[in-house]
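Report on the structure given below.
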Amino acid sequence: MKILITGATSGIGRQVAVDYHKLGHEVWAVGRNGQALDELSSLGLRTGQVDLTDSAATLAWFSTLDSIDLAILNAGTCEYVDMPKFDSALVIRVMRANVESLAICLEGVLPLLRKSSTPHLAVVGSSAAYVPLPRAEAYGSSKAAVAYMVETLRIALAKEKIAVSLICPGFVKTPLTDLNDFPMPFRITVDQASDYIRKGLARKKAEIHFPKRFTSMLKFLSYLPRPIWRKIAEQMVKG
Ligand SMILES: NC(=O)c1ccc[n+]([C@@H]2O[C@H](COP(=O)([O-])OP(=O)(O)OC[C@H]3O[C@@H](n4cnc5c(N)ncnc54)[C@H](OP(=O)(O)O)[C@@H]3O)[C@@H](O)[C@H]2O)c1
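Here my numbering = 1-based position in the sequence shown + 1045.
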């Protein structure tokens, strides 16, 4: 398969890219970090250096490729809001990295997927979007927007037989979560995350969420009446 992965210079994306390459697939790894891209290139992966928030540069880069069988749009960031200041610049940064860059990538990658006989689009959201979590005004709402975009695209792309998967990880140990200053229950390694993702994609699952002992608990909480969830979340903030 010809596989394209954004956010492949670090964390989850890097591990998935390297694992698919080891399995013999042709992998395009996309990111900004030149040194990390050079390392991937020395392992035999194809690379693209582009800031995905730069629409013109990103679309120009995508237009240099021909077909893609599997696109994994994974690039993203996370920052938490610390009240009492509601930092709008932080919210804008997170939305730009997680939502606007995704829209730009979709415009670039869909024409490439349409040239494949087995097209598959996968987007990395987050289980954080299942329930309103403390301090996640920016991150959680960006991933809720990602989930909505993916679910609606799935409807539009069904008639073209383009498979669509939404990937919703729990906590995974990466440079991103190494910055977190709170307990991260059931945090898993990038190797485990890559296994879950590749197995789910092989089955063309609509939603790939893991580890289930964490994501199923969040899903359960999302079914509670919101006033009950709010009480629990308020206690989490106090604690
Ligand atoms: N780790 C978790 O626990 C967790 C849980 C749920 C969801 N996720 C999601 O999983 C994805 C990967 O997260 P991670 O933990 O692996 O984070 P990470 O190690 O920080 O990797 C983030 C990747 O995104 C790329 N990226 C960010 N902004 C970019 C931009 N403007 N242009 C191009 N590339 C950009 C980075 O590339 P450069 O460094 O080269 O710029 C890097 O390769 C994110 O979407 C994140 O929200 C992670």
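The beta carbon of each residue, even a glycine, is placed where N, CA and C say it ideally should be.
Reduced DSSP secondary structure (H/G/I, E/B, other) of residue i
i: Leu1269; result: coil
i: Gly1215; result: coil
i: Ala1189; result: helix
i: Arg1199; result: helix
i: Ala1062; result: helix
i: Ile1057; result: helix
i: Val1209; result: strand
i: Ile1277; result: helix
i: Leu1097; result: coil
i: Ile1050; result: strand
i: Val1168; result: strand
i: Thr1103; result: helix
i: Thr1222; result: helix
i: Phe1259; result: helix
i: Arg1138; result: helix
i: Arg1232; result: coil
Residue i Cβ short of 7 Å to ligand 2 heavy atom set
i: Val1217; result: No copy of ligand 2 appears in this structure; the ligands present are ligand 1.
First and last residue of the uninterrupted alpha helix (DSSP H) at residue i
i: Ala1301; result: Residue numbering for the chain in the displayed model covers 1046 to 1284; residue 1301 lies beyond these limits and cannot be assessed.
i: Leu1082; result: 1079 to 1088
i: Leu1151; result: 1146 to 1158
i: Ala1183; result: From DSSP, Ala1183 is part of no alpha helix (DSSP H); its letter is neither H nor E.
Residues near residue i by beta carbon distance below 7 Å, same chain, minus five either side
i: Thr1260; result: Ser1172, Cys1213, Gly1215, His1254
i: His1066; result: Val1072, Leu1088, Gly1089, Leu1090
i: Asp1236; result: Gln1060
Span of the beta strand (DSSP E), counted from its first residue to its last, around residue i
i: Ala1074; result: 1071 to 1076
i: Ile1117; result: 1115 to 1118
Cut-off 6 Å between Cβ atoms - residues of its own chain near residue i, not counting five sequence neighbours on either side
i: Arg1077; result: Asp1096
i: Leu1151; result: none
i: Arg1141; result: Thr1098
i: Ser1239; result: Gln1060, Val1061, Asp1064
i: Met1281; result: Pro1179
i: Lys1218; result: Arg1232, Thr1234
i: Glu1252; result: Leu1211
Sequence-distant residues of its chain with Cβ nearer than 8 Å to residue i (five each side left out)
i: Ala1081; result: Thr1054, Ser1055, Arg1059
i: Leu1266; result: Tyr1175, Val1176, Trp1274, Ile1277
Neighbour flag for residue i against chain C, beta carbons, 8 Å
i: Lys1249; result: Within the model displayed, chain C is absent; a lone protein chain is all it includes.
Below 8 Å, how does it come out for the segment 1113 to 1121 and the segment 1047 to 1061: are there three or more Cβ pairs, yes or no?
yes
| request: Assess, as a yes-or-no matter, whether the segment 1185 to 1195 is touched by the segment 1227 to 1239 under the definition of 3 or more beta carbon pairs within less than 8 Å. | output: Not touching, per the Cβ criterion.
message = For the segment 1145 to 1159 against the segment 1123 to 1135, do three or more pairs of beta-carbon atoms, one drawn from each stretch, fall closer than 8 Å, so that the two count as touching?
response = Below 8 Å, too few C-beta pairs join the segment 1145 to 1159 and the segment 1123 to 1135 to call them touching: fewer than three.
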